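Asker: Numbering (the working numbering), first residue to last: 29 to 334.
Heads up, the beta-carbon is just placed ideally off N, CA and C, and yes, glycines get one too.
Quick caveat: nothing in here was measured; it's all calculated off a predicted structure.
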């Protein structure tokens, strides 16, 4: 007899699917019985029998992560994602990124983040539109090209930080700032500069954060202030008294940092190199930043007007 749809447990916002198929049984074991290993077995059966394959694969990977089977979850997504429709691929990428991060596979995380950026650059991620629908904490929201690009760049920069590749992290954080300034990413940029012993540059970034020059969510204001205070205390500990840090401004070439336009070009060229994209020819007088501009001309018109 087919099982009727059941309400979820008080801790779960999901309903148990109706029926007695493998996917419904897997969800029952996951959400009602709380037997995660049994649910994994039934998710496998659902995939092998073609019962809601994309949902089964995503749910199985999430449960595997809960059980600590990180490598198995990664292998499952890689080997079975071809069975899922095109519209499920982005959410599978997001789960894969989470698994890479949890398992410390930073190199693979970086490569997948670069792939996401290339898709945005080529206009594939938003299918020619300026926004797309996404989910955040169970709510449907609209995400702009600018927001998504800056978010992925921030994740990429943080991954470089985990590799202690602070020069690459700095380049990516600065690019994210050009697109969509954010207080939390500014603090991470300051941390990156501190790791490069560029304390004066870090202090300038933190001063801008305290002055409210970057956007932040209201509920994060106190957290951001505490983070700035911690970073300033770290700078003071390393520079006073007689600390080991100098002013710390790194020259990008033998001739110094050059003009603001040269700095923009330096960030742009480094960003393109990190994404394995050929540096395009442009006139020296041009101030436009070409990377990603194809995906949202409005963003760059706003940027140029600033």
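Residues bridged to residue 199 by DSSP?
Answerer: For the purposes of this step, residue 199 is taken as residue 171 along the chain shown, with counting starting at 1. Looking at the DSSP assignment, residue 199 forms no beta bridge with any residue, so it has no partner.
Asker: DSSP state of residue 159, grouped into three classes?
Answerer: Along the chain shown, one-based indexing puts residue 159 at 131. Strand, per DSSP.
Asker: Here's the rule I'm using: 16 or more other beta-carbon atoms within 10 Å means buried, otherwise exposed. How should residue 182 be labelled?
Answerer: In the chain shown, counting from the first residue as 1, residue 182 sits at position 154. Flag for residue 182 reads buried.
Asker: Which residues does DSSP list as the beta-bridge partners of residue 148?
Answerer: Taking the first residue of the chain shown as 1, we reach residue 148 at position 120. Partner(s): none; residue 148 has no beta bridge.
Asker: Reducing DSSP to helix, strand and coil, say where residue 210 ends up.
Answerer: Start at 1 with the first residue of the chain shown, and residue 210 comes out as number 182. It is a strand residue.
Asker: Please determine, among 110, 122 and 126, the residue with the shortest C-alpha to C-alpha distance to residue 82.
Answerer: Numbered from its first residue, the chain shown carries residue 82 at position 54. Comparing Cα-Cα distances from residue 82 to each of 110, 122 and 126, the minimum goes to 110.
Asker: For residue 178, tell me which candidate among 195, 214 and 161 has the shortest Cα-Cα distance.
Answerer: What you label residue 178 is simply residue 150 of the chain shown in a count that begins at 1. Among 195, 214 and 161, the Cα nearest to that of residue 178 belongs to 214.
Asker: Within the chosen definition, does the stretch 39 to 58 reach the stretch 73 to 80 through at least 3 CB pairs nearer than 8 Å?
Answerer: Contact holds: three or more Cβ-Cβ distances are below 8 Å.
Asker: Here's a check: name, in chain order, each residue in its chain whose Cβ is nearer than 8 Å to the Cβ of residue 131, leaving out the five neighbours to either side.
Answerer: The sequence position of residue 131 within the chain shown is 103, counting from 1. Once the five neighbours on either side are set aside, the close Cβ partners of residue 131 are 98, 99 and 102.
Asker: Report the start-end ranges of each alpha helix (DSSP H) in the stretch 103 to 144 that is 4 residues or longer and not cut off at the edges.
Answerer: As far as the stretch 103 to 144 is concerned, its whole alpha helix (DSSP H) runs of at least 4 residues are 117 to 131.
Asker: Which of helix, strand or coil does DSSP assign to residue 43?
Answerer: Numbered from 1 along the chain shown, position 15 holds the residue referred to as residue 43. If DSSP states are grouped into helix, strand and coil, residue 43 belongs with coil.
Asker: Go ahead and label residue 252 buried or exposed: buried means 16 or more other beta carbons lie within 10 angstroms of its beta carbon, across all protein chains shown.
Answerer: The residue you call residue 252 lines up with position 224 of the chain shown. Residue 252 is buried by the Cβ-count criterion.
Asker: Compare the Cα-Cα distances from residue 136 to each of 191, 84 and 151 and report the closest residue.
Answerer: Your numbering for residue 136 matches position 108 in the chain shown. Minimum Cα distance to residue 136 is reached at 191.
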